[in-house]
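Colleague: My questions will all concern the structure given below.
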Amino acid sequence: MIRQAVTNLLDNAREAGATYIDMLVSRDNRWLHIAVRDNGPGFSEEMLADVGKPYRSSKGKQGGGLGLFLVVNVVRKLGGRVNASNSVEGGAMILLRLPLATLALEEGRNDV
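116 is the number of the first residue of the sequence shown in the numbering used here; add one for each residue after it.
Printed below as a string of structure tokens:
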């Protein structure tokens, strides 16, 4: 589920016209943090107010607006949080915060 959520974020950035996408993954003793930042046009104020609602897209394509909706729902279902903002340098930034207690890795696997 986490892999698909991150893939959706990367696809959204690319489809919005970003030519550079940066992803940072870190953790502390309780949380997994995933930050995705791009150099695309960023979010409009209207989009920021509607983060997590279905069929909200700035890309104007048919059937769009489900990627971020699915990300938000997966993260919330796991007890996490999603924060969307615009970077001061320009572009969009999405921060995912997931409780490690809800993430179980199968032995021998290192993907989340």
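Note that the Cβ used here is the ideal one computed from N, Cα and C, for glycine as well.
#1: Where P156 and A150 are concerned, what is the direct C-alpha to C-alpha distance, given to the nearest angstrom?
#2: When you compare the CB positions of G87 and D153, do they come within less than 8 Å of one another, or not?
#3: Buried or exposed: which applies to N144, given that a residue is buried once 16 or more other Cβ atoms fall within 10 Å of its Cβ?
#4: So for V166, helix, strand or coil by DSSP?
#5: Residues in its own chain within less than 8 Å of L163 by CB, not counting five upstream and five downstream?
#6: Since I believe V190 is in contact with V197 (beta carbons under 8 Å), could you give me their beta-carbon distance rounded to a whole number of angstroms?
#7: Does the separation of the CB atoms of L124 and I209 fall below 8 Å?
#8: Buried or exposed: which applies to L120, given that a residue is buried once 16 or more other Cβ atoms fall within 10 Å of its Cβ?
Modeller: Per the coordinate set shown:
#1: 17 Å
#2: No statement about residue 87 is possible, as the shown extent of the chain runs from 116 to 227 and does not include it.
#3: exposed
#4: coil
#5: A199, S200, N201
#6: 5 Å
#7: yes
#8: Sequence check: residue 120 is Ala here, not Leu. Its Cβ being crowded by 16 or more others within 10 Å, A120 is buried.
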